[in-house]
Amino acid sequence: MAAPRAWRSALATAASAAVALLAVACTDSVVAPTAQAPTPDGPAGGPSLELSCVASVKAGSITCQTPAPSTGGADAVIYGGQNTFVRMLSANTAYNSGTGVFTTDVRLQNLLPQVIGSVDGVNVHANGIRVFYAVAPYVTSGSGSVTATPVDGNDSFLNGPADYYQWNQLLKPDSISTVKQWAWNVDATVNTFAFKVYVSAEVTPSLVITEVMANPNVPDDSTGEYVELYNPGLAEVDLGGYRLQSRSGSSTEFVILPAGVKLAPRAYGVIAARSSTVRNGGVTTIAEWGGTAIQLSNSTSATAPDYVSIRRPGATAGTFVTMDSVVWAVGGSTVAPPTGRSRELLDVKADNTVLAGAAWNTAYKKYGPGDDTGEYDRGTPGAANGIAVAVGPVASLRISPGFLVIDTLKQFRRFSAVAEDSLGQTATTTVTWTSLNPSVATIDATGLVTHVDTGQVHLVATAANGMADTTFYSIFKYSPTFIYRSHVEFGIPTPGGGNNDLLILSDKRTHYNLSYNASRGGPNWVSWDLNRTHFGKATRATTFTADALLASYGITAVVDADYVNSGYTRGHMTQSEQRTQTRAQNDTTFLLSQILPQTYDLNTGPWGDLEDYGNDLARFQQKEIYNIAGGLYPASPATLKNAGKVAIPTSTWKIMVIMPYGRGLADVTSASDIRVIAVNMPNVDGIAHVNWTTYKVTVDQLEAWTGYDFLSSLPDAIEAQVEAAIDP
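Just so you know, our numbering puts 402 at position 402 of the sequence shown, and the rest follows in order with no gaps.
In structure tokens form, the structure reads like this:
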């Protein structure tokens, strides 16, 4: 038989299971187990809770107590205790003076929040549950000898051989084992004898879903959603290969967690859509599921309720065993998740099956940096959850929705105000609405706004106790048509030595301009205007296509097959989201003539974050942004699949000239009239969580690296000033 491992070695090798060495003692009475607190003290390397047991032959009893603290040796690496992790129950204790045999019936009760005696919680481990003699029976009063016989086996324990009893079964939390009779041969002259014991057993890892942020407010859903796990066990859990799963409509979505993701004992860990704290709203994570790999649908459908589960690998390859699962609401319920607040489990021992149930609390503690309107998401990601408290008086009022710009397409718009107490919990109050600019818009008692004219308006919501919120809106005339200003407003980028690359300007392509490099199978640069009118509700194209325009110039176009299985993503220069007024516009962003090979980490990491930043400026801060983007290449670049057709850039760069909406070159009279952001991002793996601002450079640097003259239409003095500076 394999020797059982000491606690310290078990910690070093714990993965899906760990060996727990637990000190136990005997008792003749059954005492109800004490409820496990979420965070009891863990092994500290000090004196053990080893128990010394004394048997009285004449009284027919066994009693145990904790000895005085010891130092060093085996005692310093054992952890556990009677009535804490396991309980040993004895009954029918008796001494037969004729045979000299002292017997007792022993059962074990598991007080851990985990299954013991099994690696996976289903199958009994080969060693079952073993109770070792740490110190063999010895006489403490009287004379003669005492020996334990019979026992199930004799095996190496810590520093020497030790007899043990073995239960070939697993024990769930609070369950009690079958009876096993222990016996000792005791001389008639023995009054009392003593012994010490420990339990050795495999411990099945345990995980509890303790918090779910299904509908964040500050970041987008695809970057701000998260699921929190708690490890109530005594050993670290290696989550590598575990499966986080959810339902989206009638189908399921899941992600397999990578190797090296670990959760310490009695610790909380967050798995989120994104690990970047800049992008995800300030959540510290142990792993991410990559944005859209999982979309918490929050469905309360009777046929397809949304759920989240954590599953560990099963005994058979490709199978998984559910460790914990929560559903948003009972099928058919109309309960919806709160916006900007997580649901937190109040007690890690409670039935957490239904997120909308009484075992869960809507979070009130702020986390993360918030947004520029002063709004915060609420929850306790990665930490112990809050508790339910009584709602206090209104301390703040917040108008919703918090749009900065509205238009006259919809002449009526409904607003609401959320009242909160000092802890951020929703409070009940009556709200009075006032428009400070009724010539622009009026608002009635229900929060219904009627647009009267274009212009600026202040709306005020006031609670019954006088707390108020004022919101500023700018109402502009809606145009169903998009507005493209010059895509090369600040000059067509020109190479110092000239070349024969194909220029595709606005007379050939309305939605962006570019310079196409046939020898590299991609653009030298792509240039495009971006403002609020370019965003709509058109669906995203699903297929990347060859640019048919190239054929008219005798150029062989790149096709999607050139990218398939290449190890690189198709990196948009003009982003898909930035052309969504119509599906035809969006289709143009999927032409491969404006695509460059990018690593997944670059495309979905800092490059995507910068795109999101620019989109927010255009949509919500009324900015006009003139973009130029492209790639840098070595003298002999590698190509996709070594096919010699599509060159792989070593980095991708972008220049953004930012101005107020509707303004352009004619409005620039000084360097302070424009903001210029220039970046150069390495096309490598491992940068998914790097902040995009890390890669800021000067336009002068990009000109030196690319050989192009950018922003040449600016007055020379202004051009020199903005191109030499890095955006602060």
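Backbone N, C-alpha and C define an ideal beta-carbon position, used for all residues, glycine too.
| Item | Value |
| --- | --- |
| C-beta contact flag for R570 and F535 at 7 Å | no |
| Straight-line gap, A720 to L714 (C-alpha atoms, nearest Å) | 9 Å |
| Continuous beta strand (DSSP E) stretch holding A201: start and end | 190-203 |
| D718 (DSSP reduced to helix, strand or coil) | Contrary to the premise, residue 718 reads as Ile rather than Asp in this sequence. Of the three classes helix, strand and coil, the one that applies to I718 here is helix, per DSSP. |
| Contacts around D105, its chain only, beta-carbon distance under 6 Å, and the 5 residues preceding and following it disregarded | A91, N92, V179, Q181 |
| CB of T599 within 7 Å of CB of D501, strictly | no |
| Sequence-distant residues of its chain with Cβ nearer than 6 Å to R130 (five each side left out) | Y164, Q166, S200 |
| Distance CB(R619)-CB(R532) smaller than 7 Å | yes |
| Segment limits, alpha helix (DSSP H) that includes Y242 | Premise fails: Y242 is in no alpha helix (DSSP H) and is neither H nor E. |
| Collapsed DSSP secondary structure at L503 in the structure displayed | strand |
| Contact under 7 Å by Cβ, G357 with G281 | no |
| Local conformation of W631 per DSSP, three classes | Position check: residue 631 holds Gly in this sequence, whereas Trp was assumed. Reduced to three states, the DSSP call for G631 is strand. |
| Spatial distance of L108 from A183 (CA atoms) | 16 Å |
| DSSP state of V278 mapped onto helix, strand, coil | helix |
| Own chain partners of V389 with C-beta closer than 7 Å, once the 5 adjacent residues on each side are dropped | L423 |
| Unbroken beta strand (DSSP E) run spanning E228, endpoints | 226-231 |
| Bridge partner(s) assigned by DSSP for R412 | The sequence as given places Phe at residue 412; Arg does not occur at that position. F412 pairs with T450. |
| Cut-off 6 Å between Cβ atoms - residues of its own chain near T39, not counting five sequence neighbours on either side | Confidence at T39 is low in this model, with a pLDDT of 26, below 50, so the placement of that residue should be treated as unreliable; the coordinate-derived value is given next. Result list for T39: R266, in chain order. |
| Inter-stretch contact at 8 Å, needing at least 3 Cβ pairs: the stretch 503-516 / the stretch 560-567 | no |
| Check whether T322 and S342 have beta carbons under 7 Å apart | no |
| DSSP three-state assignment for R583, whether helix, strand or coil | helix |
| Residue burial classification, N627 (beta-carbon count within 10 angstroms, cutoff 16) | buried |
| Any 3 or more C-beta pairs closer than 8 Å across the stretch 212-232 and the stretch 141-151 | no |
| At least three beta-carbon pairs within less than 8 Å, the stretch 548-557 to the stretch 583-596 | yes |
| Endpoints, the beta strand (DSSP E) within which G521 is located | That residue, G521, is in no beta strand (DSSP E); it is neither H nor E in DSSP. |
| Inter-stretch contact at 8 Å, needing at least 3 Cβ pairs: the stretch 240-249 / the stretch 257-271 | yes |
| Alpha carbon of V139 to alpha carbon of F195, nearest angstrom | 9 Å |
| Anticipated Cβ contact below 8 Å, T604 with A541, distance rounded | Not confirmed; about 18 Å, so no contact. |
| Spatial neighbours of W525 in its chain, beta-carbon cut-off 6 Å, leaving aside the 5 residues before and after | P493, S515, I628, G630 |
| Span of the beta strand (DSSP E) around E211 | 208-213 |
| Rounded Cβ spacing between S141 and T189 (contact assumed at less than 8 Å) | Actually they are not in contact, since the Cβ atoms of S141 and T189 sit about 10 Å apart, beyond 8 Å. |
| Reduced DSSP category for Q109 - H, G, I as helix; E, B as strand; rest coil | strand |
| Extent of the continuous alpha helix (DSSP H) to which F620 belongs | 606-620 |
| V722 classed as buried or exposed, judged by whether at least 16 other C-beta atoms fall within 10 angstroms | buried |
| Helix, strand or coil at D529 [DSSP, three-state] | strand |
| CB-CB length for D377 against N217, believed under 8 Å | 6 Å |
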